[in-house]
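Enquirer: Pasting a structure here, questions to come.
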Amino acid sequence: MSPKPPYPSKALSNEALEWIVRLNSGSARKRDRTAFAAWRAQSPEHEVAAAEAEDLWHDAENLHLDPQSGLVRLGGRKKPRASRRTVLRGLAGVGIGCAGAYWASGVLRPMMADHSTGVGQVGAFNLPDGTRVLLNAMSALDIDYSPQRRRVSLLEGQAYFEVMRDIARPFEVAARGATVTALGTAFDIDSRLASGRVSVFVAENAVRVQSTFERASDSVTLSAGHRVLISETGRIGAAVAQDAAAALAWRTGMLVAEGETLEDVIAALRTYYNGWIVIQDSSVRMLKVNAVLDLRTPQESLDALAAGLPIRVLRLSNLVAVISAA
Amino acid sequence: MADNIHKWLGDLFRHYHTEVVRYAARLVGDRENGEEIVQSAYLRLARRSAEGIAIEHPKAYLFTAARNAAVDFTARRTIEWTYRVDVEDLSALAVTADPIVAFEHRQRLARLAVLLNELPTACRTAFVMNRMEGRTHKEVAHALGISVSMVEKHVTRALMHCRDLMREADDN
Numbered sequence: 001m002s003p004k005p006p007y008p009s010k011a012l013s014n015e016a017l018e019w020i021v022r023l024n025s026g027s028a029r030k031r032d033r034t035a036f037a038a039w040r041a042q043s044p045e046h047e048v049a050a051a052e053a054e055d056l057w058h059d060a061e062n063l064h065l066d067p068q069s070g071l072v073r074l075g076g077r078k079k080p081r082a083s084r085r086t087v088l089r090g091l092a093g094v095g096i097g098c099a100g101a102y103w104a105s106g107v108l109r110p111m112m113a114d115h116s117t118g119v120g121q122v123g124a125f126n127l128p129d130g131t132r133v134l135l136n137a138m139s140a141l142d143i144d145y146s147p148q149r150r151r152v153s154l155l156e157g158q159a160y161f162e163v164m165r166d167i168a169r170p171f172e173v174a175a176r177g178a179t180v181t182a183l184g185t186a187f188d189i190d191s192r193l194a195s196g197r198v199s200v201f202v203a204e205n206a207v208r209v210q211s212t213f214e215r216a217s218d219s220v221t222l223s224a225g226h227r228v229l230i231s232e233t234g235r236i237g238a239a240v241a242q243d244a245a246a247a248l249a250w251r252t253g254m255l256v257a258e259g260e261t262l263e264d265v266i267a268a269l270r271t272y273y274n275g276w277i278v279i280q281d282s283s284v285r286m287l288k289v290n291a292v293l294d295l296r297t298p299q300e301s302l303d304a305l306a307a308g309l310p311i312r313v314l315r316l317s318n319l320v321a322v323i324s325a326a
Numbered sequence: 327m328a329d330n331i332h333k334w335l336g337d338l339f340r341h342y343h344t345e346v347v348r349y350a351a352r353l354v355g356d357r358e359n360g361e362e363i364v365q366s367a368y369l370r371l372a373r374r375s376a377e378g379i380a381i382e383h384p385k386a387y388l389f390t391a392a393r394n395a396a397v398d399f400t401a402r403r404t405i406e407w408t409y410r411v412d413v414e415d416l417s418a419l420a421v422t423a424d425p426i427v428a429f430e431h432r433q434r435l436a437r438l439a440v441l442l443n444e445l446p447t448a449c450r451t452a453f454v455m456n457r458m459e460g461r462t463h464k465e466v467a468h469a470l471g472i473s474v475s476m477v478e479k480h481v482t483r484a485l486m487h488c489r490d491l492m493r494e495a496d497d498n
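Residue numbers (this note's numbering), protein chains in the order written: chain L, 1 to 326; chain D, 327 to 498.
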């Protein structure tokens with residue numbers, strides 16, 4: 001690019017802009033234009049300021065206001081036929097179709113579930129009572145409602161619930177070794193952690209967490225902003241305070257790991273990875289990870305992990321990545 | 327080092343994610359794309375930091391990175407656009423012979439759109455009605471129920487804002 005002359009001072013440029021505004025106000029006369037011509041002829045600097053102001057004004061001609069969003073977009077006034085979004089939707093559909101087929105080949109159970117998602121796919125839907133569910137990738141949910149209770153089973157994966165209040169019909173989620181009863185509105189259950197553990201995080205109000213294998217009296221009440229882990233055999237751990245933005249980041253496609261083990265982080269990434277991620281050395285499984293990862297680009301996220309941890313990621317093919325100690 | 331990046335990226339994420347997504351969504355028009363833009367803003371930050379460039383004001387830098395990502399996003403959206411619209415809809419930018427000139431022009435327009443979206447609604451609306459819909463200050467004042475001098479202030483302010491940030495972008 002050729003070197004540009006330095007910008008005129010802001011004061012001078014402001015004057016030029018004020019001229020442009022006046023000339024385009026709809027009440028400018030011929031003598032105003034003559035006066036502007038005289039103003040810009042005063043010095044080369046005036047001329048540069050005037051040209052800069054005119055450019056700015058002319059460029060805005062190639063913009064239009066999108067009536068739907070009320071925002072400025074590129075292009076003249078006419079509207080395009082198809083938005084980029086429609087096209088992307090179409091493409092995304094193809095991608096998920098492939099992923100879904102691949103996934104279905106290995107796992108049959110969630111195929112029969114009432115709601116399920118494929119690799120890298122997040123699903124949002126309402127249950128019959130108006131409870132809102134966000135289902136993370138590779139997850140499956142079964143619905144079993146009766147007049148007495150609202151029972152759902154998280155067969156696989158992770159889900160976030162915003163429960164519709166109905167004291168007469170308790171809302172319960174069963175996931176591996178845990179049964180969670182809503183005492184308020186919003187909570188998250190993650191059942192894809194390593195070694196069959198389940199994590200419960202409460203975003204609003206409270207839930208009662210019960211072990212599937214123990215007596216009903218063995219339960220804890222978990223309040224908002226807290227997380228608890230339940231082991232595969234139904235042992236309920238201690239409640240730990242956790243930031244909601246971090247715990248629920250998956251809803252926006254992010255994974256915020258704060259002192260999580262590598263195997264749990266990989267378990268979360270797997271559901272977005274079109275293929276297999278294998279941890280070869282058990283010595284690296286328990287490495288602590290502090291990272292913000294983008295779930296939607298699992299390859300890059302793997303590289304980011306490799307950059308920050310003493311591990312090596314070996315890609316055997318497009319489908320298989322092996323993690324070992326560096 | 328890399329751990330450090332994750333630490334302060336994590337802090338940024340926790341404290342400002344919602345705010346910066348809202349900001350980005352406002353720049354390009356919808357929340358879904360706002361998320362996409364903020365993702366690439368994080369990437370820019372991480373890359374910059376990985377290159378050893380110290381970032382002194384992470385929050386300010388995050389918002390600037392989001393704005394730059396919004397500009398790229400808007401420009402990219404236009405490329406796809408030009409394939410889709412009728413020939414008569416094509417503005418001069420699509421028929422410029424030199425691809426580099428066309429690219430720079432598009433980038434400049436995208437930046438202008440993003441900068442206008444950043445303005446307070448009243449200010450943007452006044453500018454849009456005057457500049458893009460060709461209404462006089464008097465008509466705009468009448469439509470918005472404000473004084474003619476207020477319209478003048480809004481339009482001038484919009485231009486000054488765009489001028490300032492266009493200059494800043496040229497300097498980078």
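Glycine included, every Cβ here is placed at the ideal spot set by N, Cα and C.
(1) In angstroms, rounded to a whole number, what distance separates the CA positions of threonine 131 of chain L and isoleucine 20 of chain L?
(2) According to the Cβ coordinates, are valine 209 of chain L and leucine 222 of chain L closer than 7 Å?
(3) Counting only beta-carbon atoms, is phenylalanine 399 of chain D nearer than 7 Å to chain L?
(4) Can a CB atom of chain D be found closer than 7 Å to the CB of valine 152 of chain L?
(5) In chain order, what residues of the same chain lie with their CB nearer than 6 Å to the CB of arginine 151 of chain L, ignoring the 5 residues before and after it?
(6) Could you tell me the alpha carbon to alpha carbon distance between alanine 436 of chain D and threonine 400 of chain D, rounded to whole angstroms?
(7) Hey, is the stretch 347 to 357 of chain D in contact with the stretch 382 to 400 of chain D, meaning 3+ C-beta pairs nearer than 8 Å?
(8) What separation, rounded to the nearest whole angstrom, lies between the Cα atoms of alanine 168 of chain L and arginine 149 of chain L?
(9) Show which residues of chain L have a CB atom less than 7 Å away from the CB atom of asparagine 394 of chain D.
(10) Does the CB of tyrosine 7 of chain L have a neighbour CB from chain D at under 7 Å?
(11) Around the C-beta of glutamate 232 of chain L, are 16 or more other C-beta atoms found within 10 angstroms, so that it is buried, or is it exposed?
(12) Given a threshold of 16 other Cβ atoms within 10 Å of its Cβ, counted over all protein chains shown, does alanine 161 of chain L qualify as buried or as exposed?
(13) Considering just the uninterrupted stretch of the beta strand (DSSP E) at serine 199 of chain L, what are its terminal residues?
(14) I think valine 284 of chain L touches alanine 325 of chain L, with their Cβ atoms under 8 Å apart; what is that distance to the nearest whole Å?
(15) Is there at least one Cβ from chain D nearer than 7 Å to aspartate 129 of chain L's Cβ?
(16) Could you say if the stretch 58 to 75 of chain L and the stretch 463 to 470 of chain D meet the contact criterion of at least three C-beta pairs nearer than 8 Å?
(17) Sorted by chain position, which residues of the same chain lie with C-beta nearer than 6 Å to tyrosine 387 of chain D's C-beta, five sequence neighbours on each side aside?
(18) Tell me, to the nearest whole angstrom, how far the beta carbon of alanine 452 of chain D is from that of histidine 487 of chain D; I am working on the premise that it is less than 8 Å.
(19) Measuring alpha carbon to alpha carbon, tell me which residue in D:Arg450, D:Glu444, D:Tyr368 is nearest glutamate 300 of chain L.
(20) For alanine 439 of chain D, would you say it is in contact with chain L, using Cβ-to-Cβ distances shorter than 7 Å as the test?
(21) Kindly indicate if chain D contains any beta-carbon less than 7 Å away from that of valine 21 of chain L.
(22) Taking only the alpha-carbon atoms, compute the straight-line gap between arginine 31 of chain L and arginine 40 of chain L and give it to the nearest angstrom.
(23) Are any of the Cβ atoms in chain L nearer than 7 Å to that of glutamine 433 of chain D?
Expert: According to the data block:
(1) What you label residue 131 of chain L is simply residue 131 of the first sequence in a count that begins at 1. What you label residue 20 of chain L is simply residue 20 of the first sequence in a count that begins at 1. So the alpha carbons of these two residues sit roughly 55 Å apart.
(2) Here residue 209 of chain L refers to the residue found at position 209 when the first sequence is read from its first residue. Here residue 222 of chain L refers to the residue found at position 222 when the first sequence is read from its first residue. Yes, they are a contact pair.
(3) Along the second sequence, read from residue 1 onward, the residue named residue 399 of chain D stands at position 73. Not closer than 7 Å to any Cβ of chain L, the Cβ of phenylalanine 399 of chain D fails to qualify, so no.
(4) Looking up residue 152 of chain L in the first sequence gives position 152. It does not; no Cβ of chain D falls within 7 Å.
(5) Reading the first sequence from its first residue, position 151 is the one you call residue 151 of chain L. Closer than 6 Å at the Cβ level, and outside the excluded window around arginine 151 of chain L, lie Asp144, Glu172.
(6) Residue 436 of chain D sits at position 110 when you count from the first residue of the second sequence. Residue 400 of chain D sits at position 74 when you count from the first residue of the second sequence. Rounded to whole angstroms, alanine 436 of chain D to threonine 400 of chain D spans 5 Å at the Cα level.
(7) yes
(8) Here the question's residue 168 of chain L lines up with position 168 in the first sequence. Here the question's residue 149 of chain L lines up with position 149 in the first sequence. When rounded, the distance between both Cα atoms is 8 Å.
(9) For the purposes of this step, residue 394 of chain D is taken as residue 68 along the second sequence, with counting starting at 1. Residues of chain L passing the Cβ test: none, with the nearest at roughly 16 Å.
(10) For this step, residue 7 of chain L is matched to residue 7 along the first sequence. Interface residue, yes.
(11) Within the first sequence, residue 232 of chain L is the residue found at index 232, counting from 1. Its Cβ having fewer than 16 others within 10 Å, glutamate 232 of chain L is exposed.
(12) For this step, residue 161 of chain L is matched to residue 161 along the first sequence. Looking at the sequence provided, one finds phenylalanine at residue 161 of chain L rather than alanine. With 16 or more other Cβ atoms within 10 Å, it is buried.
(13) By 1-based counting over the first sequence, the position of residue 199 of chain L is 199. First-last of the beta strand (DSSP E) with serine 199 of chain L: 198 to 202.
(14) Here residue 284 of chain L is taken as the residue at index 284 of the first sequence, counted from 1. Here residue 325 of chain L is taken as the residue at index 325 of the first sequence, counted from 1. Going by Cβ atoms, the distance from valine 284 of chain L to alanine 325 of chain L rounds to 5 Å, so yes, they are a contact pair.
(15) On the first sequence, position 129 is the one that residue 129 of chain L refers to. No, because no Cβ of chain D sits closer than 7 Å to the Cβ of aspartate 129 of chain L.
(16) no
(17) Indexing the second sequence from 1 puts residue 387 of chain D at position 61. Answer for tyrosine 387 of chain D: Ile381, listed in chain order.
(18) Translated into the one-based positions of the second sequence, residue 452 of chain D becomes position 126. Translated into the one-based positions of the second sequence, residue 487 of chain D becomes position 161. With a Cβ gap of about 13 Å, alanine 452 of chain D and histidine 487 of chain D do not count as contacting.
(19) To locate residue 300 of chain L, count along the first sequence from 1; it is residue 300. Checked all of D:Arg450, D:Glu444, D:Tyr368; the closest Cα to glutamate 300 of chain L is D:Tyr368.
(20) Position 113 of the second sequence, counted from the first residue, corresponds to residue 439 of chain D. Taking Cβ atoms only, chain L reaches closer than 7 Å to alanine 439 of chain D, which makes this a yes.
(21) Reading the first sequence from its first residue, position 21 is the one you call residue 21 of chain L. Chain D contact via Cβ: present.
(22) By 1-based counting over the first sequence, the position of residue 31 of chain L is 31. By 1-based counting over the first sequence, the position of residue 40 of chain L is 40. Looking at the two C-alpha atoms, the distance is approximately 14 Å.
(23) Counted from its first residue, the second sequence places residue 433 of chain D at position 107. No, no contact with chain L.
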